[in-house]
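What follows is a single structure, written as structure tokens, with notes after it.
2 protein chains.
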Amino acid sequence: MPPQPLTDFSRLCVHTITTKPWSIEEATDRYAAAGVKGITVWRQWLDGRDIAKAGESLRAAGIEIVSLCRGGFFPATDAAARQRAIDDNLKAIDEAEALDAPLIVLVCGADPGQPLAESRQQIVDGIGAVLDRAGQAGVKLAIEPLHPMYADTRSAVNTLRQANEMCEQLDSPLVGVAVDVYHLWWDPDLQSEIQRSGRADRIFAFHVCDWRSPTEDLLNDRGLMGEGCINVPQIRGWVEENGFNGFIEVEIFSNRYWAMDQGEFLEKIKRAYSEKT
Amino acid sequence: MPPQPLTDFSRLCVHTITTKPWSIEEATDRYAAAGVKGITVWRQWLDGRDIAKAGESLRAAGIEIVSLCRGGFFPATDAAARQRAIDDNLKAIDEAEALDAPLIVLVCGADPGQPLAESRQQIVDGIGAVLDRAGQAGVKLAIEPLHPMYADTRSAVNTLRQANEMCEQLDSPLVGVAVDVYHLWWDPDLQSEIQRSGRADRIFAFHVCDWRSPTEDLLNDRGLMGEGCINVPQIRGWVEENGFNGFIEVEIFSNRYWAMDQGEFLEKIKRAYSEKT
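Shown next, in the form of structure tokens:
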């Protein structure tokens with residue numbers, strides 16, 4: 028069953044990294060002017076800013092803060108580095124609290140110098156180590172499985188099944204998943220694992236873009252929805268059938284789009300959101 | 028349990044594409060001189076050659092033909108293109124018969140214009156359509172699951188589990204799997220699925236190289252064994268514990284290595300094979 032058409036922008040969220048050339052102040056003004064109703068703030072955008080004030084400016088402009096991106100990167104071969112990662116995640120929780128962001132997206136990390144199974148255990152341990160503080164701050168954490176092509180350094184969590192299993196192991200209402208079509212579209216178990224996430228009320232975020240064919244760069248060649256081979260509406264249907272009705276987050280890393288006028292790019296995003304999502 | 032050390036080159040096989048600058052004639056001479064005992068011949072290397080004679084020359088040089096690479100590419104949105112793919116696979120079987128190669132590796136294909144599930148069904152149908160002819164020719168077929176980053180155009184079969192399921196569906200002693208560490212290393216189910224392949228005597232081929240970190244190109248930046256983050260000996264141990272004792276095939280696509288002296292590269296391959304495989 029196809030999902031309901033998106034007839035307005037009330038659920039459109041854009042990641043600050045999608046419009047990378049814009050500062051947080053420019054993004055605030057330009058998103059508001061364009062009618063974008065949600066934002067996911069990447070932490071670098073807050074460098075040198077009064078974080079609470081940045082949050083106030085966004086809300087004053089009518090923009091809801093969907094999440095702070097990104098925590099994670101827990102695995103490391105030595106214990107001191109793992110502790111530094113935990114400290115950095117505690118800092119991210121402080122930042123989310125200051126911003127009044129309800130959610131942190133976790134790019135969980137991996138260390139090519141050790142087996143994936145160890146990295147996976149360190150991710151569970153790392154999340155466990157910050158859960159109490161997340162609860163105090165009222166901040167949820169979303170495990171985002173990343174495409175297997177990032178298993179060397181970015182994330183040892185590469186399928187939604189793994190993310191679901193970690194959530195079950197951690198067994199906390201604070202821990203859920205972020206479903207990103209770019210990372211998961213190829214997985215034959217995607218629909219059933221979305222159902223599993225949904226049954227446990229764990230679909231905390233939904234990220235969209237597209238897989239260009241051919242893809243020319245491992246990191247920065249994502250496409251607008253409709254520009255590639257991912258059936259984005261089908262996957263949106265699956266998350267919505269399973270209880271998700273939150274923001275639809277446009278997260279595009281693209282050297283191509285970053286090089287163009289960002290105002291024009293934002294109009295393209297709105298069109299792709301309305302017609303191809 | 029670590030696998031037995033590789034103390035000689037009796038199981039070393041090199042793919043002609045690994046030493047891409049060399050023709051089949053050069054590869055025959057140079058592999059023989061270097062003591063490489065096996066070869067997997069890519070079909071392009073036979074263009075314009077008398078195929079039976081190329082096979083004789085290889086055997087006369089003491090080199091065993093491990094497989095012909097590659098068949099597959101079955102999916103397409105229109106029926107005529109699917110029939111052309113089947114015809115091309117029949118031609119590949121003719122070539123394998125002329126070369127006296129016992130096995131064809133299948134890069135199964137995908138079409139970004141249709142759902143992966145349809146491509147997957149067309150792969151099963153396509154293999155089914157050539158099975159009788161493969162049986163007459165005495166040629167086996169290995170389904171090679173490819174990394175999910177190739178799911179748009181190269182293969183809709185992206186995990187060993189999927190390949191095993193297809194083998195079970197086709198249920199023929201002619202159809203098995205090729206386990207390539209580059210495509211499968213990230214999969215948390217890899218060991219159990221290798222066991223499943225082994226129980227059914229379906230591990231027809233084992234391909235090695237490494238995942239460089241960072242990887243700079245989606246296709247042509249593979250590393251020598253030991254140069255990346257894949258635990259190649261562990262995976263070799265898994266296939267050998269499950270009944271595989273055939274050639275270990277070095278299949279490296281690398282702009283970096285293709286640009287160097289191929290004789291020096293072949294020595295590097297032998298060292299990586301002896302010490303890091």
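Protein chains in written order, with the numbering used here: chain A, 28 to 304; chain B, 28 to 304.
Backbone N, C-alpha and C define an ideal beta-carbon position, used for all residues, glycine too.
Everything numeric in this text was worked out from a predicted model, so none of it was measured.
Own chain, CB closer than 8 Å to B/A125, minus 5 neighbours either side, in chain order:
Sequence index remark: in the second sequence, residue 125 of chain B carries index 98 (1-based). Excluding positions up to five away in sequence, the list reads I78, A79 and G82.
Just the Cα atoms here: how many angstroms apart are A/P32 and A/L117?
In the first sequence, residue 32 of chain A corresponds to position 5, counting from 1. In the first sequence, residue 117 of chain A corresponds to position 90, counting from 1. Their backbone Cα atoms lie some 39 Å apart in a straight line.
Relative to the alpha-carbon of B/A232, which residue among B/D179, B/I66 and B/D35 has its alpha-carbon at the smallest distance?
For the purposes of this step, residue 232 of chain B is identified with residue 205 of the second sequence, where counting begins at 1. Comparing Cα-Cα distances from B/A232 to each of B/D179, B/I66 and B/D35, the minimum goes to B/I66.
Would A/G240 pass as a contact of A/C256 if the rule is Cβ separation under 8 Å?
On the first sequence, residue 240 of chain A is found 213 positions in, with the first residue counted as 1. On the first sequence, residue 256 of chain A is found 229 positions in, with the first residue counted as 1. Looking at the sequence shown, residue 240 of chain A is not Gly but Ser. Yes, Cβ-Cβ distance for A/S240 and A/C256 is below 8 Å.
Which full runs of the beta strand (DSSP E) of 3+ residues lie inside the region 96-145 of chain B, going along the chain?
Taking only runs of at least 3 residues, the beta strand (DSSP E) segments lying wholly in the region 96-145 of chain B are 130-134.
Would A/A137 and A/T104 be called neighbours here (beta carbons separated by less than 8 Å)?
As a position in the first sequence, residue 137 of chain A is number 110, starting the count at 1. As a position in the first sequence, residue 104 of chain A is number 77, starting the count at 1. No, these two residues do not count as a Cβ contact at 8 Å.
With a threshold of 8 Å between beta carbons, is B/S240 in contact with chain A?
As a working note, residue 240 of chain B is residue 213 in the second sequence. With 8 Å as the cut-off, B/S240 counts as an interface residue toward chain A.
Got a sec: which bits of the region 173-201 of chain B sit with their beta carbon under 7 Å from any beta carbon on chain A, in order along the chain?
H174, P175, M176, A178, D179, T180, N185 and Q189
Is the CB-CB distance between A/V68 and A/L95 below 8 Å?
The residue labelled residue 68 of chain A in the question sits at position 41 within the first sequence. The residue labelled residue 95 of chain A in the question sits at position 68 within the first sequence. Yes, Cβ-Cβ distance for A/V68 and A/L95 is below 8 Å.
With a threshold of 6 Å on Cβ separation, who are the neighbours of A/R97 within its own chain once the five nearest residues in sequence on each side are excluded?
The residue given as residue 97 of chain A occupies position 70 in the first sequence. Counting only Cβ-Cβ distances below 6 Å, and skipping sequence neighbours, we find V132 and V134.
Have a look at A/V259, A/A205, A/L143 and A/R76 and flag the residue whose alpha-carbon is nearest the alpha-carbon of B/N258.
Taking the second sequence and counting its residues from 1, the one referred to as residue 258 of chain B is at position 231. It is A/L143 whose Cα lies nearest to the Cα of B/N258.
How long is the line joining the alpha carbons of A/W238 and A/Y177, rounded to whole angstroms?
Counted from its first residue, the first sequence places residue 238 of chain A at position 211. Counted from its first residue, the first sequence places residue 177 of chain A at position 150. So the two alpha carbons sit approximately 15 Å from each other.
Using the beta-carbon of each residue, which ones in chain A are nearer than 7 Å to B/N258?
In the second sequence, residue 258 of chain B corresponds to position 231, counting from 1. Near B/N258 (Cβ distances below 7 Å), the residues of chain A are P142.
Let me check one thing: in DSSP terms, what residues is B/I230 bridge-paired to?
Taking the second sequence and counting its residues from 1, one reaches residue 230 of chain B at position 203. Answer is B/V204, bridged to B/I230.
Write down every uninterrupted run of the alpha helix (DSSP H) in the region 152-206 of chain A whose length is 4 residues or greater and which is fully enclosed by it, in chain order.
187-197
Nearest by alpha-carbon distance to B/G162: which of B/T45, B/V208, B/A123 and B/H42 is it?
Working through the second sequence from its first residue, we reach residue 162 of chain B at position 135. Comparing Cα-Cα distances from B/G162 to each of B/T45, B/V208, B/A123 and B/H42, the minimum goes to B/A123.
Could you check the C-alpha separation between B/D198 and B/F100 for me, to the nearest Å?
Residue numbering aside, residue 198 of chain B sits at position 171 when the second sequence is read from its first letter. Residue numbering aside, residue 100 of chain B sits at position 73 when the second sequence is read from its first letter. Cα-Cα distance, rounded: 20 Å.
Assigned exposure category for A/Q289 - 16 Cβ within 10 Å defines buried
Your numbering for residue 289 of chain A matches position 262 in the first sequence. It is buried - the Cβ of A/Q289 has at least 16 other Cβ atoms within 10 Å.
Rounded C-alpha distance that separates B/S224 from B/G165:
Taking the first residue of the second sequence as 1, we reach residue 224 of chain B at position 197. Taking the first residue of the second sequence as 1, we reach residue 165 of chain B at position 138. Taking the straight line joining both Cα atoms gives about 21 Å.
Ordered along the chain, which non-local residues of its own chain (more than five positions away) have a Cβ less than 7 Å from that of A/W49?
As a working note, residue 49 of chain A is residue 22 in the first sequence. Non-local beta-carbon contacts of A/W49 in its own chain, meaning distances under 7 Å to residues more than five positions away in sequence, involve R57 and Q289 in chain order.
Per DSSP, the bridge partner or partners of B/T67:
Translated into the one-based positions of the second sequence, residue 67 of chain B becomes position 40. Looking at the DSSP assignment, B/T67 forms a beta bridge with B/H42 and B/S94.
So for A/E276, helix, strand or coil by DSSP?
In the first sequence, counting from the first residue as 1, residue 276 of chain A sits at position 249. Strand.
Give a yes or no on whether 8 Å exceeds the smallest Cβ distance from B/W72 to chain A.
In the second sequence, the residue the question calls residue 72 of chain B occupies position 45. It does not: the Cβ of B/W72 has no partner Cβ on chain A nearer than 8 Å.
Whole alpha helix (DSSP H) runs in the region 243-292 of chain B with 4 or more residues, listed along the chain?
259-268 and 282-285
Leaving aside the five residues before and after A/R151 along the sequence, list all residues of the same chain whose C-beta is less than 8 Å from its C-beta, in chain order.
Numbered from 1 along the first sequence, position 124 holds the residue referred to as residue 151 of chain A. The sequence shown places Val at residue 151 of chain A, not Arg. Excluding sequence neighbours, A/V151 sits near M193, Q196 and L197.
Using three-state DSSP, classify A/D237 as helix, strand or coil.
As a first step, residue 237 of chain A must be located in the first sequence, where it is residue number 210. Residue state, collapsed to three classes: strand.
Taking Cβ positions only, does A/P215 come closer than 8 Å to chain B?
The sequence position of residue 215 of chain A within the first sequence is 188, counting from 1. For A/P215, the answer is yes, since a Cβ of chain B falls inside 8 Å of its Cβ.
At 7 Å on the CB atoms, spell out the chain B contacts of A/L245, in chain order.
Stepping through the first sequence from its first residue, residue 245 of chain A is reached at position 218. Correct list: T242 and L245.
First and last residue of the uninterrupted alpha helix (DSSP H) at B/A60:
The count along the second sequence starts at 1 and reaches residue 60 of chain B at position 33. It spans I51 to A61 - the alpha helix (DSSP H) in which B/A60 sits, taken as one unbroken run.
Candidates B/G273, B/H174 and B/L187, of which the one nearest B/H210 by Cα
Translated into the one-based positions of the second sequence, residue 210 of chain B becomes position 183. Closest by alpha carbon: B/H174.
When the cut-off is 8 Å and only beta carbons count, does A/P48 lie next to chain B?
Locating residue 48 of chain A in the first sequence gives position 21, counting from the first residue. Not an interface residue.
Got a sec? Which residues, its chain only, sit under 7 Å from A/K295 by beta carbon, not counting five neighbours each side?
Here residue 295 of chain A corresponds to residue number 268 of the first sequence, with the count starting at 1. L251.
Skipping 5 residues on each side, what residues in its chain have a beta carbon closer than 6 Å to that of B/I51?
Start at 1 with the first residue of the second sequence, and residue 51 of chain B comes out as number 24. Closer than 6 Å at Cβ, skipping near neighbours: W72 and A81.
Starting from A/P139, find everything on chain B with Cβ-Cβ shorter than 9 Å and list it in chain order.
Taking the first sequence and counting its residues from 1, one reaches residue 139 of chain A at position 112. Those within 9 Å of A/P139 in chain B are W238, S240, G255 and C256.
If I measure Cβ to Cβ from A/D127 and keep anything under 7 Å in the same chain, skipping five residues before and after, which residues do I get?
Taking the first residue of the first sequence as 1, we reach residue 127 of chain A at position 100. So the list reads G82 and I92, once near-sequence residues are dropped.
Pull up the distance between the alpha-carbon of B/R249 and that of B/I279, whole angstroms please.
Taking the second sequence and counting its residues from 1, the one referred to as residue 249 of chain B is at position 222. Taking the second sequence and counting its residues from 1, the one referred to as residue 279 of chain B is at position 252. Between B/R249 and B/I279, the C-alpha separation is close to 6 Å.
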